[in-house]
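Undergrad: Numbering (full-length UniProt numbering), first residue to last: 1 to 155.
Quick reminder that beta carbons are idealized off the backbone N, C-alpha and C, glycines included.
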């Protein structure tokens with residue numbers, strides 16, 4: 001029968017979380033929730049200014065402004081891997097596990113999810129509260145899409 005020595009230290013260590021392919025040189029510089037909300041407000045402000053200016057030209061102008069706003073956002077997501085506001089506020093969306101920028105289709109879906117949450121009000125409020133109180137400042141959208149927003153200058 002094998003008897004364990006109570007004075008002997010265990011030979012195994014508890015498993016530690018090491019994200020696959022994570023770059024150890026990238027610090028966990030989580031974005032401040034107020035800065036993230038500022039990006040949301042800036043995007044909304046740009047949208048409403050474009051919508052107002054387009055509406056001055058009538059219904060067609062308003063629709064063209066909405067289309068122009070989405071083209072602007074898609075341009076920034078495709079070329080900078082950021083929305084217009086995240087670019088201006090120096091924020092970056094990364095994959096939670098790898099800490100690398102996410103692909104364009106995933107980014108687009110993530111932003112559409114935020115729009116849906118905004119339209120539903122309660123989920124966006126819950127998402128905002130989660131981002132404010134969570135240690136890593138991750139929103140509900142981040143958790144669903146397995147992403148995290150960091151200050152870009154920390155990359």
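Is it right to say residue 24 is buried, meaning 16 or more other beta carbons lie within 10 angstroms of its own, or is it exposed?
TA: Confidence is the limiting factor: at residue 24 the pLDDT is only 47, short of 50, which leaves the residue's position unreliable, though a coordinate-based value still follows. With fewer than 16 Cβ atoms within 10 Å of its Cβ, residue 24 is classed as exposed.
Undergrad: Ignore the nearest five residues each way along the sequence and tell me which others in residue 64's own chain have a CB closer than 8 Å to its CB.
TA: The beta carbon of residue 64 lies closer than 8 Å to those of 54 and 57 in the same chain, with the five residues before and after it left out.
Undergrad: Do residue 126 and residue 113 come within 7 Å of each other at the CB atom, strictly closer than that value?
TA: no
Undergrad: Less than 7 Å separating the beta-carbons of residue 132 and residue 123?
TA: Contact: no.
Undergrad: Residues in its own chain within less than 8 Å of residue 130 by CB, not counting five upstream and five downstream?
TA: 138, 139, 140 and 143
Undergrad: Enumerate in chain order the residues of its own chain whose CB-to-CB distance from residue 35 is below 7 Å, with the five nearest sequence positions on each side excluded.
TA: 89 and 91
Undergrad: Residues in the same chain with beta-carbon distance under 8 Å from residue 83, minus the five sequence neighbours each way, listed in chain order, please.
TA: For residue 83, where only same-chain residues beyond five positions count, the Cβ hits under 8 Å are 39, 43, 73, 76, 77 and 111.
Undergrad: From what residue to what residue does the alpha helix (DSSP H) around residue 73 run?
TA: 59–80
Undergrad: Any idea which residues DSSP pairs residue 151 with across the strands?
TA: 91
Undergrad: So residue 68 and residue 50 are supposed to be a Cβ contact under 8 Å. How far apart are they, rounded?
TA: The Cβ separation is near 6 Å, so the contact holds.
Undergrad: Taking residue 103 as the reference, give the member of 71, 29, 119 and 145 with the closest Cα.
TA: 145
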